[in-house]
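Enquirer: Questions regarding the structure given below will be posed in turn.
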C-alpha cells in the first residue's frame, strides 16, 4: 500500500525507501512524538533499526532523521497520502479493528 505512492525524489539522493519514511512517520504519530528531534532520538536505536530490518529487509544503520521525513513529505502528493490513509482505514474497518477500540 505505501509503495503505491509515486516517489518525487531524485533517484541519486535516495537513502531510505518511501515505505520506510512513511512507516516511521506513522509510528511517530502512534507514539505521539511532538518533534522531529524526538522521532530521531526515540527511534534511532538498536530496536528501531532492527524493526526496520525485519519489516523492510534492508541493512539500515539508522532510521530516517526527522528532517529527512519532513523533506520527503513536502515533496510527495497530498492526494496520494490521503488515498493511503483512506485505504488503511478501510482495511482496519474491514477487519473490525476499530470496533475493538470502543
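Residue numbers (my numbering): 66 to 167.
Using N, Cα and C, we set each Cβ at its ideal position, and we do this for glycine too.
Only a predicted model underlies this, so the values are computations on that prediction, with no experimental measurement involved.
Quick one: any contact between the stretch 145-153 and the stretch 124-136, if contact means 3 or more CB pairs under 8 Å?
Expert: No: the two stretches stay apart, fewer than three of their Cβ pairs being nearer than 8 Å.
Enquirer: Given this structure, state the Cα-to-Cα distance separating residue 84 from residue 71, to the nearest angstrom.
Expert: Answer to the nearest angstrom: the Cα atoms are 11 Å apart.
Enquirer: Classify residue 161 as helix, strand or coil using the three-state DSSP reduction.
Expert: Residue 161 falls in the coil class under three-state DSSP.
Enquirer: Verify whether the separation of the beta carbon atoms of residue 134 and residue 106 is less than 7 Å.
Expert: No, the Cβ-Cβ distance between residue 134 and residue 106 is not below 7 Å.
Enquirer: Does DSSP put residue 98 in a helix, in a strand, or in coil?
Expert: Three-state result, residue 98: coil.
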